[in-house]
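A.B. asks: Residue numbers (the numbering used here): 804 to 1493. Have a look at this one before I ask anything.
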Amino acid sequence: MPEKHDTGKRNGSRPDSEKEEIKIGVYTCYCGGNISDVVDCERVAKTLGKLPDVIASRTSEAMCSDAGQAMVEQDIRENGVNRVVIGSCTPFLHEQTFRNAVSRAGLNPYCYYHVGIREQDSWVHHDDHEGATEKAIRLMNAGIAKARLLDQLNPIRLEAERHALVIGGGVGGLQAALEIARIGIKVSLVEKSPFLGGRMAQLETIFPTGELARDALHRLIQKVIHHPEITIYTGAEVSAVKGYVGDFQVQVRRLPRGTDESLSDAEAAMAACPVEVPDEFNYGLTRRKAIYQPYQGSYPETPAIDWENCTQCGKCLEAVGRGIHLDGKPETIQLKAGAIVVATGFDPYQPRQGEYGYRQVPQVITLPELIRLLALGKDRQHLEWHGHPVRNVAMIHCVGSRQVEGINEPQPDGQVNNYCSRVCCTATLRVANEIRERDPDVQIFDLYQDIRTYGRGHEDYYVQASKNDVRFLRYHGDELPQVAVAEPGDPYPVVVKVKDYLTWGEELEIPVDLVVLSVGFMPRQIDDLIHMLKISPGPDRFLLEVHPKLRPVETAVSGIVLAGSAQGPMNIQESVAAASAAASKVAILLGKGNVELEPFVAHVNPDRCTGSGECVKACAYEDAISLESVMVNGEQVQHAVVSPANCTGCGVCVSACPNRAIDVQGYELDKYEAMVDAITAEVPALEVVP
């Protein structure tokens, strides 16, 4: 039965093992003592060497080393080994390493099987050397039983569209788009806002370099907008996604901008608008019009109309005469992409009503609001709030981060944010230093759980803050500071109460003019996009990678990768680095014009399939398996047909089929049965001790 979307040949159940003499090479790794300190590896090797079909059984200090790989290659070339079993650490670490070694020697890479005797044996039985040795023999014997039945599979090869979709126009998305385009792959960048730049545009400087943030951002934007391979869609959202790696069909909905380049006087148009709303760029500290630009020099250069608040009164058009279009309609754009980069960014934590007095006590603001306040008042030496000079400031760390269940109120989904947002400590200290340097008379009290200035050059901010006489007080996460309005007649409007563990738990009351909440990062609400792309959030609700070390920017959905703080709290440098990693993955996927996928997908035996449809009902993946009409002996019948590009090899269909007509290639039921028989059977040579 041919599968859909599959350009590579696929083998049936066991043709190879029936045609050739099986010669198995077995290799037991010492793993630098991780295995050999518990398991008698030499005894394992000698025992396994006596089993049928095993023609070589060896040990190595480190199978993953050049010498270990060379041993396998030599046995394949010189001794005719055509099935390989390696017992070592987890396959997550070195399965690909050994596949490459087997391939270099001329053997099909899927004729190798990996047994994880470190994680499954030596690490969990370190107090029972005899039992661990026996278990290693049984695990390896099961691997040998499967190896006898291994087939020479071929990767699934799909044509790949040399076109990447980048979702998000912040620094991570911009960097990813630029690097993908530089290697000759077309890029479509979709940004929900009418303007590029994301959160970076709201900053004044970048730590630790002190470089002006918008200057660096604009240099990047200029490179992106002038690259011929990049198309930018602002004011747009992904509304539907279908397909698979190499061939994603994407629907984008874009709102009209409401203006064009013929607008001659943007300032006059904005001044004429009668509508005013809180300016989200300045976190509500100022107000903007319904036709607006977030800041001078933003891109695109023309203003955009906020359709949610625009009354379409026409005053702006009357003021300028042309360049404004109030009758625009949303448009739908169809894109075809081979890979997708998700760079949707983050949102600052929004304290709930009354949290540390927020939105109840007027003198309580967040750190992002303070950053914009300092930017708006950059020409003034003295810090002011609501027209009053600020003399004392209390800065409270870990608001919305490192929360403790039962102490902090949970988020709407019932979870607390128990993760560290990483960036807030350095950002808080940088701002504290800026205030002290602008106005040395301001007293700053820094209330923290732990100072985590983890990046290169970040610790300097803590040292400088100490030199600037910032006063540090340490509280415990289960004894949070309390913010209260001062008694009438007090010289300061707010009192912060804290138990300071730098002074052995002394209870202090700090009179201040301003309380700054150092809020952490929250994952952006993109539930619709998560559902469309079928990617997963992690326990912290940020998007989840396959493996933090081995596959740090890849999702479980092939062809969809992550960039920047959509994946977790990151500073600008880290976001750029993650974007570069995402671009590299896209380049590897799409650079050759075709994509190779693992062959471990469902395969239908047409002789057994009766078209019951139970497999289709059980499958959780769109278009992975379907019922189609086929001609068999001149009769039209219903058979299940697999689309390998959409199949994940989960095996649910295998259990659902009443006729055992489906198996997962490489993991067929007969292989599992052989492994179970081998692991439970008596091994004849088990009692042989060298």
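Glycine included, each C-beta is placed from N, C-alpha and C at the ideal position.
Assess, as a yes-or-no matter, whether the region 1109-1118 is touched by the region 1152-1160 under the definition of 3 or more beta carbon pairs within less than 8 Å.
C.D. replies: The region 1152-1160, when compared against the region 1109-1118, does not touch it at the 8 Å Cβ threshold.
A.B. asks: Buried or exposed for residue 1210, please, with buried defined as at least 16 other CB atoms from any protein chain shown within 10 angstroms of its CB.
C.D. replies: Sequence index remark: in the sequence shown, residue 1210 carries index 407 (1-based). Residue 1210 should be labelled exposed.
A.B. asks: Residue 1431 to residue 1452, Cα distance in whole Å?
C.D. replies: Translated into positions along the sequence shown, residue 1431 becomes position 628. Translated into positions along the sequence shown, residue 1452 becomes position 649. Those two C-alpha atoms are separated by around 20 Å.
A.B. asks: Okay, do the region 1189-1204 and the region 1006-1025 touch, 3+ Cβ pairs below 8 Å being the bar?
C.D. replies: Too few Cβ pairs lie closer than 8 Å, so no.
A.B. asks: Does residue 894 come out as helix, strand or coil in the three-state DSSP assignment?
C.D. replies: What you label residue 894 is simply residue 91 of the sequence shown in a count that begins at 1. Looking at residue 894 - three-state DSSP - the assignment turns out to be helix.
A.B. asks: Check whether the region 948-960 and the region 987-1007 are in contact - that is, three or more C-beta pairs closer than 8 Å.
C.D. replies: Not touching, per the Cβ criterion.
A.B. asks: Quick one: using the 10 Å Cβ neighbour count with 16 as the cut-off for buried, is residue 1391 buried or exposed?
C.D. replies: Here the question's residue 1391 lines up with position 588 in the sequence shown. It counts as exposed.
A.B. asks: Can you tell me which of the three DSSP states residue 1230 falls into?
C.D. replies: Position 427 of the sequence shown, counted from the start, is the residue given in the question as residue 1230. Three-state result, residue 1230: helix.
A.B. asks: Three-state secondary structure (DSSP) at residue 1138?
C.D. replies: Sequence index remark: in the sequence shown, residue 1138 carries index 335 (1-based). Strand, per DSSP.
A.B. asks: Cα separation between residue 824 and residue 1026?
C.D. replies: Position 21 of the sequence shown, counted from the start, is the residue given in the question as residue 824. Position 223 of the sequence shown, counted from the start, is the residue given in the question as residue 1026. Roughly 60 Å between the two C-alpha positions.
A.B. asks: Pairing CB atoms from the region 1343-1353 with CB atoms from the region 1361-1372, are three or more of them under 8 Å?
C.D. replies: Yes, they touch.
A.B. asks: With distance defined between alpha-carbon atoms, name the residue in 889, 1206, 1366 nearest to residue 1380.
C.D. replies: Counting from 1 along the sequence shown, the entry for residue 1380 is found at position 577. Looking at the Cα atoms, 1366 is the closest of the given residues.
A.B. asks: Using a Cβ-Cβ cutoff of less than 7 Å, which residues in the same chain neighbour residue 1449 once the five nearest sequence positions on both sides are dropped?
C.D. replies: Position 646 of the sequence shown, counted from the first residue, corresponds to residue 1449. These residues qualify, in order along the chain: 1047, 1424, 1425, 1426, 1427.
A.B. asks: Quick check on DSSP: helix, strand or coil for residue 1303?
C.D. replies: Reading the sequence shown from its first residue, position 500 is the one you call residue 1303. In the structure shown, residue 1303 sits in a strand (DSSP, three-state: E or B).
A.B. asks: Drop a sphere of 10 angstroms on the beta-carbon of residue 1287, count the other beta-carbons inside from all chains shown, and report buried for 16 or more, exposed for fewer.
C.D. replies: Here residue 1287 is taken as the residue at index 484 of the sequence shown, counted from 1. Exposed is the call here.
A.B. asks: What's the C-alpha gap between residue 1474 and residue 948?
C.D. replies: Working through the sequence shown from its first residue, we reach residue 1474 at position 671. Working through the sequence shown from its first residue, we reach residue 948 at position 145. Each residue's Cα considered, the two are about 8 Å apart.
A.B. asks: Applying the 10 Å Cβ sphere with the 16-neighbour rule, what's the burial state of residue 885?
C.D. replies: On the sequence shown, position 82 is the one that residue 885 refers to. That one is buried.
A.B. asks: Assuming contact is defined by CB atoms lying nearer than 8 Å, are residue 787 and residue 928 in contact in what I supplied?
C.D. replies: Limits of the chain in this structure are 804 at one end and 1493 at the other, which puts residue 787 out of reach.
A.B. asks: Count Cβ pairs between the region 1124-1134 and the region 1049-1068 that sit closer than 8 Å; are there 3 or more?
C.D. replies: Yes, the region 1124-1134 is in contact with the region 1049-1068.
A.B. asks: Check the DSSP bridge columns for residue 1016 and list the partner residues they point to.
C.D. replies: Taking the sequence shown and counting its residues from 1, one reaches residue 1016 at position 213. DSSP lists no partner for residue 1016.
A.B. asks: Between residue 1486 and the rest of its own chain, which residues show a CB-CB distance below 8 Å, the 5 nearest in sequence each way excluded?
C.D. replies: Stepping through the sequence shown from its first residue, residue 1486 is reached at position 683. Around residue 1486: 850, 854, 940, 941, 944.
A.B. asks: Which whole runs of the alpha helix (DSSP H) in the region 1102-1186 are 4 residues long or more, in chain order?
C.D. replies: DSSP runs (the alpha helix (DSSP H)) wholly in the region 1102-1186: 1118-1123, 1170-1179.
A.B. asks: Give a yes or no on contact between the region 1040-1055 and the region 1388-1408, applying the rule of three or more CB pairs nearer than 8 Å.
C.D. replies: Short answer: they touch.
A.B. asks: Give me the Cα-Cα distance between residue 1434 and residue 1045, rounded to the nearest whole angstrom.
C.D. replies: Sequence index remark: in the sequence shown, residue 1434 carries index 631 (1-based). Sequence index remark: in the sequence shown, residue 1045 carries index 242 (1-based). About 29 Å.
A.B. asks: Which term fits residue 1097, buried or exposed, when burial requires 16 or more other beta carbons within 10 angstroms of its beta carbon?
C.D. replies: Within the sequence shown, numbered from 1, the residue matching residue 1097 stands at position 294. Buried is the call here.
A.B. asks: Report the partner residues of residue 1046 according to the DSSP bridge assignment.
C.D. replies: Here residue 1046 refers to the residue found at position 243 of the sequence shown. According to DSSP, residue 1046 bridges with 1051.
A.B. asks: Would you please state the rounded distance, in angstroms, between the beta carbons of residue 798 and residue 992? I believe it to be under 8 Å.
C.D. replies: Look at the range of the chain in this structure, 804 to 1493, and you will see that residue 798 is not part of it.
A.B. asks: On a CA-only basis, which of 872, 1205, 1028, 879 is nearest residue 828? Give me that one, please.
C.D. replies: As a working note, residue 828 is residue 25 in the sequence shown. Measuring from the Cα of residue 828, the nearest candidate turns out to be 879.
A.B. asks: Taking the alpha helix (DSSP H) that residue 1309 belongs to, which residues open and close that run?
C.D. replies: Along the sequence shown, read from residue 1 onward, the residue named residue 1309 stands at position 506. Taken as a continuous stretch (DSSP letters only), residue 1309 belongs to no alpha helix (DSSP H), being part of the beta strand (DSSP E) at 1309-1315.
A.B. asks: Please report the Cβ distance between residue 1239 and residue 1247, rounded to the nearest whole angstrom; I am assuming they are in contact, meaning their Cβ atoms lie under 8 Å.
C.D. replies: Counted from its first residue, the sequence shown places residue 1239 at position 436. Counted from its first residue, the sequence shown places residue 1247 at position 444. Their Cβ separation, rounded to whole angstroms, is 6 Å, which keeps residue 1239 and residue 1247 in contact under 8 Å.
A.B. asks: In the DSSP assignment, find the beta strand (DSSP E) that holds residue 1285 and state where it starts and stops.
C.D. replies: Looking up residue 1285 in the sequence shown gives position 482. Run containing residue 1285: 1285-1288, per the beta strand (DSSP E) assignment.
A.B. asks: Three-state secondary structure (DSSP) at residue 866?
C.D. replies: By 1-based counting over the sequence shown, the position of residue 866 is 63. Here residue 866 sits in coil by DSSP.
A.B. asks: Would you check whether the ligand GDP has a heavy atom nearer than 7 Å to the C-beta of residue 1393?
C.D. replies: In the structure on display, the ligand GDP does not appear, and there are no ligands present to speak of.
A.B. asks: Counting C-beta neighbours from all protein chains within 10 Å, is the total for residue 1294 16 or more, i.e. buried, or is it exposed?
C.D. replies: Position 491 of the sequence shown holds residue 1294. Exposed, since its Cβ has fewer than 16 Cβ neighbours within 10 Å.
A.B. asks: Can you list, in chain order, the residues of its chain whose CB lies under 6 Å from that of residue 912, leaving out five sequence neighbours each side?
C.D. replies: Position 109 of the sequence shown, counting from 1, holds the residue named residue 912. 902, 905, 906, listed in sequence order.
A.B. asks: Do you know whose CA, among 1054, 1406, 1479, lies nearest residue 1455's CA?
C.D. replies: Residue 1455 sits at position 652 when you count from the first residue of the sequence shown. The residue with the shortest Cα to Cα distance from residue 1455 is 1406.
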